[in-house]
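Read in order, the letters of the sequence shown are residues 36 to 599 in the numbering used here. Each residue gets a CB set at the ideal place from its N, CA and C atoms; glycine is no exception. Just so we're clear, the structure is a prediction, and the values are computed from it rather than from any experiment.
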Amino acid sequence: MSTGSPNAPHSPSEILAQAGYEIPGDMSAPVFKGMCVARPVPESGPEPGADPGGQDDLPPLPVAPQFFRIDPESGEVFSKGFGMVEFREGILSIRPQLKVCEEKTLLRATVRHKDFSGHEVTVERLAAVVTGMGVTAPVDRAALMSALARARGENAPVRDVVLAKGRRPQRGSDGRFDLYLDEDGAVAPDADDAGSVDHRARSVFCKVREGQLLGRLVPPVPGTPGVDVFGRELPVGEVHAVSVTPGEGVRVAARGAGGAEKGGGGQDFFATRGGVLSWKGETLSVLDVIDVAGDVDFSTGDVRLEKGCINVAGSIMDGFTIEIPGDVNIKGAVQADAVVRTGAGVRVGSGIFGGEKGVVEAAGSVSAQFMENARIRAGEDVVAVQDIINCDITAGGRVICVQGKGVIQGGIIRAMRGVEARETGSEYGARTVFRMGPQEPSTARKDLLATRTKLKDVLARIEAGLGTDDPTAILQRTPLDKRRQVARLLRIRIAGQARLREIECLLEEERLCLLECARSRLKVLGTAHPGTTVVVLGSTFEVHETLRSPTISFDPESGAFEVV
36 MSTGSPNAPH SPSEILAQAG YEIPGDMSAP VFKGMCVARP VPESGPEPGA
86 DPGGQDDLPP LPVAPQFFRI DPESGEVFSK GFGMVEFREG ILSIRPQLKV
136 CEEKTLLRAT VRHKDFSGHE VTVERLAAVV TGMGVTAPVD RAALMSALAR
186 ARGENAPVRD VVLAKGRRPQ RGSDGRFDLY LDEDGAVAPD ADDAGSVDHR
236 ARSVFCKVRE GQLLGRLVPP VPGTPGVDVF GRELPVGEVH AVSVTPGEGV
286 RVAARGAGGA EKGGGGQDFF ATRGGVLSWK GETLSVLDVI DVAGDVDFST
336 GDVRLEKGCI NVAGSIMDGF TIEIPGDVNI KGAVQADAVV RTGAGVRVGS
386 GIFGGEKGVV EAAGSVSAQF MENARIRAGE DVVAVQDIIN CDITAGGRVI
436 CVQGKGVIQG GIIRAMRGVE ARETGSEYGA RTVFRMGPQE PSTARKDLLA
486 TRTKLKDVLA RIEAGLGTDD PTAILQRTPL DKRRQVARLL RIRIAGQARL
536 REIECLLEEE RLCLLECARS RLKVLGTAHP GTTVVVLGST FEVHETLRSP
586 TISFDPESGA FEVV
């Protein structure tokens, strides 16, 4: 049921008539700039004694001033642009019929063959409107002519006609390193959520022969900027190169000219000797390798080497030790109280079991099917396929447990770059602590802080004796017999001040790096149970109710946790 007044105007004609105006055209057709869209209704004649003009007595006309101009003498309303006349919320407006879209690289229009006044719409008239908008791209006159003919033939508007085109930016491609692991060709490494591949995030254990092609470094291909319909350049995103350094046992050969987009450019990496392929940081090397056919046990004794890698076909038995600078590849398990220390990565085909004395320490990544009651220290990532149960883990990168069950339950996990798992804690509330980001100042930072304290003390004592004036002024007022000693102290002061500024810059760089690491997150793909606890920079967040697929992060600027 309508609640409005029965005499309230509804149509545009009624609204204008109430204001003393009439529409001199067809509102289902577009107006062009300068067209009269409304005018006062002529009066039959003035009442005796009334103003002959009568315009001052008209009620105000509800028009949008950005679209119309009202002639002060005649009261006629003229359009300021091109479009459809309409009433919007009781106000006379113009609905644009030209739309700039797709990063301003397309100008679309709704085309009608007649205008508001009943005149033919021509290609020239519409082209003039486009040019008046500041569009510099050429008008597609053929498309416009075809649309006008269709509108005339069907006596209906033709929508989404492209009148002008710019050029969208063409994205380039980042550089990449295609790794070849065997004679069958390239083995595709795992990609992260964004589709990027980081070969350094895993240990690669593959025997190679002398002269074998190990990989191909492909340079980035720059993109091409675009241009919008107004002639403005549309920037294209930057492309990034991949850095790979040849290490021991690897040589590099340039691939020639032509550019990456034509299959040229870049570098090929070849093995200069047989051995095992190893990644460490950005360095690709071929290292010596030792193969153990069975277990590391009484038949082998402990394995301690100053060079190379080791492949163990069996397990590292309880109480035995491997200390080696290269990668450690274990097909079986690391048993309780076994010790593995390496300057590279550790890959375990089965599980890592912990004991009172057992530990796995690696400068690179550590991966296994599962980890239980284990103590693990890794300079890079720690990756488990199935689960991590009651472990003490410290990772310089991320801790990842998502491929199988993906359960991290109990224990304490320290991860500089964050944690990703399918499930954390347990339905019984097992306390599982995740300490993310920096845990304490590094040794280098402690040394810098100690040096800064000593420098400030030395400078304070020098300035207490000599003052803080310019060295020249201090020397001028110093007696001749003491100038040599004072000059030496001033040199110490100048050098100390320079070193102090250098230390402050280094400390600030590390502080910013620590803040960035503090933004690390705990990402749970499935369930985070009560007992899950996140600690960052001394602040603690505890899960008290079951959370589904949460991402828990810390904002070091606000000092607050965010859960999404």
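Taking all protein chains shown into account, do 16 or more other C-beta atoms lie within 10 angstroms of the C-beta of A397, making it buried, or fewer, making it exposed? buried
| query | Is P281 helix, strand or coil by DSSP? | reply | strand
request  = Mark K315 as exposed unless 16 or more other C-beta atoms lie within 10 angstroms of its C-beta, in which case mark it buried.
outcome  = buried
**Asked** Apart from the five residues just before and just after S320, which ones in its own chain have a Cβ nearer than 7 Å to its Cβ?
**Response** G282, E283, G284, V285, S313
(request) With DSSP as the reference, label E462 as helix, strand or coil. (result) coil
Let me confirm a value: F333 is counted as buried when at least 16 other C-beta atoms fall within 10 Å, else exposed. Which label applies? exposed
* Neighbour-count burial assignment, A172, 16 or more Cβ in a 10 Å radius -> buried
From which residue to which residue does the beta strand (DSSP E) around M471 run?
467-471
query: Is F122 helix, strand or coil by DSSP?
result: strand
Could you check where the beta strand (DSSP E) with V442 kicks off and where it finishes?
-> 442-450
Are R536 and L494 close, meaning C-beta to C-beta below 8 Å?
no
Report yes or no: do the region 198-213 and the region 246-263 share at least 3 C-beta pairs separated by less than 8 Å? yes
Practice problem: Pair every Cβ in the region 462-472 with every Cβ in the region 484-499, then say whether three or more of these pairs are closer than 8 Å. | Solution: no
Worksheet item: Between K342 and I423, what straight-line distance do the alpha-carbon atoms span, to the nearest angstrom?
Response: 31 Å
In whole angstroms, give me the CA-to-CA distance for V454 and V347. 29 Å
H275: buried (16+ other C-beta within 10 angstroms of its C-beta) or exposed? exposed
- Query: Three-state secondary structure (DSSP) at S181?
  - Reply: helix
*asked:* Quick check on T688: does DSSP put it in helix, strand or coil?
replied: Since the displayed the chain opens at 36 and closes at 599, residue 688 lies outside it and no answer follows.
Enumerate in chain order the residues of its own chain whose CB-to-CB distance from A186 is below 7 Å, with the five nearest sequence positions on each side excluded. V146, R147, H148, P192, V193
**Inter-residue CB distance, L484 and P506 (contact presumed, cutoff 8 Å)** = Contact doesn't hold; Cβ gap of about 28 Å is too wide.
Three-state secondary structure (DSSP) of E537 = helix
Please name the residue in A465, A373, E159, A419 whose C-alpha comes closest to that of G446. A465
- request: Compute the Euclidean distance between the alpha carbons of E577 and E462, then round it to the nearest angstrom.
  value: 15 Å
* To do: Spatial neighbours of A499 within its chain, please: CB distance less than 8 Å, with the 5 preceding and 5 following residues excluded, ordered by chain position.
  => none
For R206, list the residues DSSP reports as bridge partners. Note: R206 sits in no beta bridge, so no partner.
Notebook entry, point to check: How would you call K517, buried or exposed, if buried means at least 16 neighbouring beta carbons within 10 angstroms?
Noted result: exposed
**Prompt:** Between which two residues does the alpha helix (DSSP H) carrying E396 extend?
**Reply:** Here E396 belongs to no alpha helix (DSSP H); instead the beta strand (DSSP E) covers 394-397.
Notebook entry, point to check: If you compare alpha carbons, which of M180, E137, L51 is closest to E155?
Noted result: M180
Open item on the list: Out of G69, A328, D209, E543, which one is the CA nearest neighbour of S350?
Closed with: A328
Endpoints, beta strand (DSSP E) assigned at P192
P192 -> no beta strand (DSSP E), and no H or E assigned at all.
| query | Rounded to a whole number of angstroms, what is the C-alpha to C-alpha distance between A289 and G399? | reply | 29 Å
inquiry  = Helix, strand or coil, according to DSSP, for E543 in the structure here?
reply    = helix
task: On a CA-only basis, which of R452, R449, V437, A450 is nearest E458? Give me that one, please.
output: V437
Check: Do you know offhand how far G89's Cα is from P131's?
Finding: Note that G89 has pLDDT 46, beneath the 50 cutoff, so the model's placement of it is unreliable and the number below is only indicative. Going by the C-alpha atoms only, they are around 34 Å apart.
Per DSSP, which residues does R75 bridge with? Please list them.
Residue 75 is actually Pro in this sequence, not Arg. P75 pairs with Y56.
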